[in-house]
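Heads up, the thing below is written out as structure tokens.
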Amino acid sequence: MDSNPTAYVQTVDSTMMFIIIVSLIFLLGVTAVMIYFVVKYNRKKGHKPVDIHGSLLLETIWFVIPTILVMAMFYYGFIGYKEYRNVPDDALEINVAARMWDWDFVYDNGVNLDTLYVPVNQSIKLNMISMDVNHYFYVPAFRIKQDVIGGSSNYIVFKAEKTGNYNIACAEYCGLNHSAMYTKVVVMDENEYNNWYNSSKKEEQKAAVNN
Ligand SMILES: [Cu+2]
55 MDSNPTAYVQ TVDSTMMFII IVSLIFLLGV TAVMIYFVVK YNRKKGHKPV DIHGSLLLET
115 IWFVIPTILV MAMFYYGFIG YKEYRNVPDD ALEINVAARM WDWDFVYDNG VNLDTLYVPV
175 NQSIKLNMIS MDVNHYFYVP AFRIKQDVIG GSSNYIVFKA EKTGNYNIAC AEYCGLNHSA
235 MYTKVVVMDE NEYNNWYNSS KKEEQKAAVN N
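Everything in the sequence shown is counted per the numbering used here, starting at 55 for the first residue and increasing by one.
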């Protein structure tokens, strides 16, 4: 799975696959049994409906098996949830402000941009606030998604393991230009990032002097 941009992709995709397979088994199983019963107990063949009262074995089975399955789904989901809520000590923090209809990324050096630049193989913690309504920070390629709620702060942790450009979308309808609330996360190798970080500061100072 070297081709995934984050290790997290595997966590989410295998959870998704588990849920799809369980659902498929039930869909096919229930449909097959239903069709079999329709044919076998057809009234035209002389079958009469029979009242059946209580079966401890059946009731136990349809209570225990779904409970185990649902708990397993919860377990895998929770493992994935923990992965992007636990903040590693070495996490690089970047402040994010969402507003109608763009994203603002503010770095430690004071630089403020609408594109997210991060170094590869480094845990990133995004401290997110909304300046107005509810938004929803979403990077499909990384399988990460986090509400950004008006009037409160939130965070998300991720670690990109492949350089490149990936889409960031707002995944919650937030008004007229919601569908245009797109930007990019640019994952760079460490040197490239450090160069960018140092030069972006200088450029901003230059711009400030020129104004
Ligand atoms: Cu939005």
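Where a beta carbon is used, it is the ideal one built from N, C-alpha and C, also for glycine.
Could you check what DSSP says for Met55 in three-state terms: helix, strand or coil?
For the purposes of this step, residue 55 is taken as the residue at position 1 of the sequence shown. With a pLDDT of 43 at Met55, under the threshold of 50, the predicted position of this residue should be treated as unreliable, and no value is reported.
Distance between Thr85 and Ile75 (C-alpha atoms, nearest Å)
If you number the sequence shown from 1, residue 75 lands on position 21. If you number the sequence shown from 1, residue 85 lands on position 31. Going from the Cα of Ile75 to the Cα of Thr85 covers about 15 Å.
Return the CA-CA distance between Ser254 and His232, expressed in angstroms with no decimal places.
The residue you call residue 254 lines up with position 200 of the sequence shown. The residue you call residue 232 lines up with position 178 of the sequence shown. Here the C-alpha atom of Ser254 lies approximately 28 Å from the C-alpha atom of His232.
Since Val150 contacts Asn181 with CB under 8 Å, what's their CB separation in whole angstroms?
Your numbering for residue 150 matches position 96 in the sequence shown. Your numbering for residue 181 matches position 127 in the sequence shown. 7 Å between Cβ atoms; contact.
DSSP state of Asn149, grouped into three classes?
Stepping through the sequence shown from its first residue, residue 149 is reached at position 95. Of the three classes helix, strand and coil, the one that applies to Asn149 here is strand, per DSSP.
To test your reading of the DSSP string, which unbroken beta strand (DSSP E) runs of 3 or more residues are found completely within the region 167-218?
Here the runs fully enclosed are 170-173, 177-184, 189-193, 198-202 and 207-213.
Give me the Cα-Cα distance between Asn140 and Glu226, rounded to the nearest whole angstrom.
Within the sequence shown, the letter at position 86 stands for residue 140. Within the sequence shown, the letter at position 172 stands for residue 226. Glu226 has its alpha-carbon roughly 24 Å from the corresponding atom of Asn140.
Less than 7 Å between the CB of Ala152 and some heavy atom of ligand 1, yes or no?
Here residue 152 refers to the residue found at position 98 of the sequence shown. Relative to ligand 1, the nearest heavy atom lies less than 7 Å away from the CB of Ala152.
Taking contact to mean at least 3 C-beta pairs separated by less than 8 Å, is the region 200-211 in contact with the region 237-245?
Contact fails: fewer than three Cβ-Cβ distances are below 8 Å.
Verify the contact flag: His232, CB atom, against every heavy atom of ligand 1, threshold strictly below 7 Å.
Translated into the one-based positions of the sequence shown, residue 232 becomes position 178. Yes - ligand 1 has a heavy atom lying nearer than 7 Å to the Cβ of His232.
For Phe80 and Lys98, I'd like the C-alpha separation in whole angstroms.
The residue labelled residue 80 in the question sits at position 26 within the sequence shown. The residue labelled residue 98 in the question sits at position 44 within the sequence shown. Rounded to whole angstroms, the gap between the alpha carbons of Phe80 and Lys98 is 29 Å.
Along the chain, where does the beta strand (DSSP E) that runs through Thr237 open and close?
On the sequence shown, position 183 is the one that residue 237 refers to. Per DSSP, Thr237 belongs to the beta strand (DSSP E) from Thr237 to Met242.
Three-state secondary structure (DSSP) at Trp155?
Here the question's residue 155 lines up with position 101 in the sequence shown. Shown here, Trp155 sits in coil according to DSSP, grouped into three states, outside any helix or strand.
Taking C-beta to C-beta, are Met185 and Ala152 nearer than 8 Å?
Locating residue 185 in the sequence shown gives position 131, counting from the first residue. Locating residue 152 in the sequence shown gives position 98, counting from the first residue. Their beta carbons are under 8 Å apart, which means Met185 touches Ala152 by this criterion.
Could you check if Glu226 belongs to the surroundings of ligand 1, using beta carbon to heavy atom distance under 7 Å?
Position 172 of the sequence shown, counted from the first residue, corresponds to residue 226. Here the distance from the Cβ of Glu226 to the nearest heavy atom of ligand 1 is below 7 Å.
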